[in-house]
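A.B. asks: Below: one structure in structure tokens.
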Amino acid sequence: MSVRTPDPDPEGGDDDLSRFSELPADANNPAWLSEFELAEARRRLPMLYVEAIPVRTDGTGQVAELGILLRSTPIGEMTRTIVSGRVRYGETVRDALFRHIENDLGPMAFPLLPPQPLPFTVAEYFPLPGVSAYHDDRQHAVSLAFVVPVTGTCEPRQDALEITWFSPEEAASDAVAAEMEGGRGTLVRMALASLGLLR
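Numbering (the numbering used here), first residue to last: 8 to 206.
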């Protein structure tokens with residue numbers, strides 16, 4: 008949820024989206040929304056996201072490290088976050104998860120995704136703080152959160168500056184949680200609890 012979009016025009020007042028029909032659609036995915044259509048949808052609908060916490064395992068299959076992204080916000084603040092993004096119309100959750108992992112960690116991350124991935128939790132982000140543990144000032148979003156083992160080389164891309172690998176103990180710390188945006192420190196702790204690693 009790191010890409011910021013323009014707010015809808017408060018002067019607009021009408022519900023007619025036909026004024027956006029002349030904007031070019033994505034040739035690869037004509038169902039993808041323009042910036043204006045996305046802003047209008049965010050005003051009216053919960054958006055569906057997938058989020059992934061990449062992990063590395065040791066020789067016995069136990070989680071040894073969790074990968075957390077470092078990024079710069081549009082106003083220049085440094086925050087930590089996880090792999091995250093919207094599910095496209097007509098796209099399976101598995102395909103969306105794979106696409107966002109590749110977008111954020113590069114094509115050589117080699118995620119191990121089962122045929123039917125199951126989230127460890129469902130997180131609800133609200134534009135008003137305090138409704139849940141998660142906050143996104145742009146929208147109401149429902150996010151399916153996954154722990155995903157990766158076996159390759161992770162090279163952060165897009166707006167991520169680096170990926171930092173934390174031990175489970177470090178990832179659960181208050182210091183890391185304080186750097187996480189939108190309450191994602193809680194999500195990381197829930198991931199560790201689902202793996203039996205939260206002490």
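C-beta: ideal position from N, C-alpha, C; glycine also.
Under three-state DSSP, which class holds P175?
C.D. replies: P175: helix per DSSP, three-state reduction.
A.B. asks: Around the Cβ of I170, are there at least 16 other Cβ atoms within 10 angstroms (buried) or fewer (exposed)?
C.D. replies: Buried, because 16 or more other Cβ atoms sit within 10 Å of the Cβ of I170.
A.B. asks: In the DSSP output, which residue or residues are listed as bridge partners for M85?
C.D. replies: Per DSSP, S79.
A.B. asks: Taking the straight line between their C-alpha atoms, what separation do you get for L120 and R101?
C.D. replies: So the alpha carbons of these two residues sit roughly 8 Å apart.
A.B. asks: What is the DSSP secondary structure of A269, counted as helix, strand or coil?
C.D. replies: In the structure as shown, the chain begins at 8 and stops at 206. Residue 269 is therefore absent and cannot be evaluated.
A.B. asks: Are E109 and I89 touching if we call contact CB-CB under 7 Å?
C.D. replies: Against a cut-off of 7 Å, the Cβ pair of I89 and E109 comes out as no contact.
A.B. asks: Can you give the Cα-Cα distance for L135 and G66, rounded to whole angstroms?
C.D. replies: Between L135 and G66, the C-alpha separation is close to 43 Å.
A.B. asks: For S201, which three-state DSSP category applies?
C.D. replies: In this structure, S201 counts as helix in the three-state DSSP scheme.
A.B. asks: Determine the contact status of Y141 and G92, defining contact as a CB-CB distance below 7 Å.
C.D. replies: Not closer than 7 Å, so no.
A.B. asks: If you run the structure through DSSP and keep just helix, strand and coil, what is G74?
C.D. replies: Residue state, collapsed to three classes: strand.
A.B. asks: Examine the Cβ distances between the segment 66 to 78 and the segment 178 to 195 and report whether three or more of them are shorter than 8 Å.
C.D. replies: The segment 66 to 78, when compared against the segment 178 to 195, does touch it at the 8 Å Cβ threshold.
A.B. asks: Run through the DSSP bridge pairs and tell me what A182 is partnered with.
C.D. replies: Answer is none; A182 lacks a bridge partner.
A.B. asks: State yes or no: is the C-beta of V94 within less than 7 Å of the C-beta of V154?
C.D. replies: Cβ distance not < 7 Å, so V94 and V154 don't count as in contact.
A.B. asks: Run the CB neighbour count on Y96, radius 10 Å, all protein chains shown included, and call it buried at 16 or more, exposed below.
C.D. replies: Y96 comes out exposed.
A.B. asks: Do M115 and V64 count as a contact pair if the criterion is CB distance below 7 Å?
C.D. replies: Checking the displayed sequence, the identity of residue 64 turns out to be Thr instead of Val. No. Outside cutoff.
A.B. asks: Quick one: using the 10 Å Cβ neighbour count with 16 as the cut-off for buried, is D144 buried or exposed?
C.D. replies: Answer is exposed; the Cβ neighbour count stays below 16.
A.B. asks: Taking DSSP as the reference, what is the three-state secondary structure of L30?
C.D. replies: Since pLDDT at L30 reaches only 41, below the 50 mark, its modelled position is unreliable, and no value is offered.
A.B. asks: Please list, in chain order, all residues of the same chain as H147 whose beta carbon is under 6 Å from its beta carbon, the five residues on each side excluded.
C.D. replies: The residues are P53, F133.
A.B. asks: Could you work out which residue in G83, A152, Y56 is closest to L219 when comparing CA atoms only?
C.D. replies: This structure does not reach residue 219, given that the chain is present from 8 up to 206, and the question cannot be answered.
A.B. asks: Quick check: the Cα distance between D21 and E47, rounded to an integer number of angstroms?
C.D. replies: Confidence at D21 is low in this model, with a pLDDT of 41, below 50, so the placement of that residue is unreliable and no value is reported for it.
A.B. asks: Could you have a look at F127 and say whether DSSP puts it in helix, strand or coil?
C.D. replies: In the structure shown, F127 sits in coil (DSSP, three-state: anything other than H, G, I, E or B).
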